[in-house]
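Scroll down for the structure; my scribbles are underneath it.
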Amino acid sequence: SQKIEQNSEALNIQEGKTATLTCNYTNYSPAYLQWYRQDPGRGPVFLLLIRENEKEKRKERLKVTFDTTLKQSLFHITASQPADSATYLCALKGGNNRLAFGKGNQVVVIP
Amino acid sequence: GAGVSQSPSNKVTEKGKDVELRCDPISGHTALYWYRQSLGQGLEFLIYFQGNSAPDKSGLPSDRFSAERTGGSVSTLTIQRTQQEDSAVYLCASSLGAGGLTDTQYFGPGTRLTVL
Chain A
1 SQKIEQNSEA LNIQEGKTAT LTCNYTNYSP AYLQWYRQDP GRGPVFLLLI RENEKEKRKE
61 RLKVTFDTTL KQSLFHITAS QPADSATYLC ALKGGNNRLA FGKGNQVVVI P
Chain B
1 GAGVSQSPSN KVTEKGKDVE LRCDPISGHT ALYWYRQSLG QGLEFLIYFQ GNSAPDKSGL
61 PSDRFSAERT GGSVSTLTIQ RTQQEDSAVY LCASSLGAGG LTDTQYFGPG TRLTVL
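Chains A and B supply the protein sequences, listed in that same order.
Residues 1 to 111 in my numbering are what the first sequence lists, from first letter to last.
Residues 1 to 116 in my numbering are what the second sequence lists, from first letter to last.
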């Protein structure tokens with residue numbers, strides 16, 4: 001069956017350090033992968049899309065990598081700030097032609 | 001409107017009653033999704049509409065749940081004979097739905113449903 005796996009344990013990180021989150025998938029052959037941010041009480045908000053032929057994508061302090069051999073994407077927040085505290089979800093399209101989300105990984109940036 | 005809107009923002013109902021939740025997607029978006037999210041949990045997919053195709057209802061948890069999308073725009077999620085375990089935030093999202101960046105989903109603020 002198709003699975004998208006993200007770490008269920010919250011990542012606590014000191015302000016200024018780099019936070020790294022992992023998204024692993026099984027039985028998908030995605031042409032692209034997306035990352036979203038969700039704050040408590042709100043719907044997810046799109047951050048970045050990376051295509052299968054792109055190894056790395058950057059947006060401001062965010063960096064995403066995509067390894068289709070390992071079936072894994074890494075999401076990095078550099079120089080993390082308390083305002084980066086949120087839950088981050090990866091998403092990719094399955095054979096049923098709809099976007100599927102991982103359960104998300106919470107990040108807590110400690111001042 | 002500029003974004004996805006949902007109404008009501010909060011709904012408190014008694015067990016056994018029916019509820020209707022409304023979603024107004026972004027104009028021109030052909031794809032519309034409903035999700036459920038319980039406190040501290042991930043998004044649970046419920047139903048997906050794409051253009052004029054038959055909806056993907058594979059996520060609906062029971063036959064008490066149904067949804068329709070009229071005129072390719074507004075959608076209503078109906079829960080009949082509500083149970084306490086239906087209490088959650090119900091999120092709607094829409095997208096252009098043609099692949100790649102157009103699959104980016106834009107979420108509404110959600111409806112918080114509480115079944116007493």
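Note that beta-carbon positions come from the ideal geometry of N, C-alpha and C, so glycine has one too.
Discussion item. So, with DSSP's three-state summary, where would you put Gln81 of chain A?
Written reply: Your numbering for residue 81 of chain A matches position 81 in the first sequence. In this structure, Gln81 of chain A counts as coil in the three-state DSSP scheme.
Worksheet item: At a Cβ cut of 8 Å, what residues of the stretch 4-33 of chain A count as close to chain B, listed as they run along the chain?
Response: Ala31 and Tyr32
Worksheet entry | Bounding residues of the beta strand (DSSP E) (the contiguous stretch that carries Tyr28 of chain A) | Within the first sequence, numbered from 1, the residue matching residue 28 of chain A stands at position 28. It is not in any beta strand (DSSP E) - Tyr28 of chain A carries neither H nor E in the DSSP assignment.
Item to complete: Could you tell me whether any non-hydrogen atom of the ligand MG is closer than 7 Å to the CB of Ser94 of chain B?
Response: Ligands displayed in this structure: none; no statement on the ligand MG is therefore possible.
Discussion item. So for Gln41 of chain B, helix, strand or coil by DSSP?
Written reply: In the second sequence, residue 41 of chain B corresponds to position 41, counting from 1. Coil at Gln41 of chain B, not helix or strand.
Worksheet entry | Coarse secondary structure for Glu9 of chain A, derived from DSSP in three states | Taking the first sequence and counting its residues from 1, the one referred to as residue 9 of chain A is at position 9. Three-state DSSP puts Glu9 of chain A in coil, outside helix and strand.
Fill in: Under 8 Å between C-beta atoms of Tyr28 of chain A and Gly94 of chain A
Against the first sequence, residue 28 of chain A aligns to sequence position 28. Against the first sequence, residue 94 of chain A aligns to sequence position 94. Yes, they are a contact pair.
Worksheet item: So is Asp103 of chain B in contact with chain A if we call contact Cβ pairs under 8 Å?
Response: Against the second sequence, residue 103 of chain B aligns to sequence position 103. Yes - at least one Cβ of chain A is within 8 Å of the one on Asp103 of chain B.
Discussion item. Which residues does DSSP list as the beta-bridge partners of Asp124 of chain B?
Written reply: Lying before the first or after the last residue shown, residue 124 of chain B is absent from chain B, which here runs from 1 to 116.
Worksheet item: What is the rounded straight-line gap between the Cα of Phe65 of chain B and the Cα of Leu46 of chain B?
Response: Start at 1 with the first residue of the second sequence, and residue 65 of chain B comes out as number 65. Start at 1 with the first residue of the second sequence, and residue 46 of chain B comes out as number 46. If I take the Cα positions, the gap works out to 9 Å.
Worksheet item: Can you find a CB in chain A that lies within less than 8 Å of the CB of Asp86 of chain B?
Response: The residue given as residue 86 of chain B occupies position 86 in the second sequence. With 8 Å as the cut-off, Asp86 of chain B does not count as an interface residue toward chain A.
Fill in: Contacts that Arg58 of chain A makes with chain B (C-beta to C-beta distance below 9 Å)
As a first step, residue 58 of chain A is located in the first sequence; it is residue number 58 there, counting from the start. Residues of chain B passing the Cβ test: none, with the nearest at roughly 16 Å.
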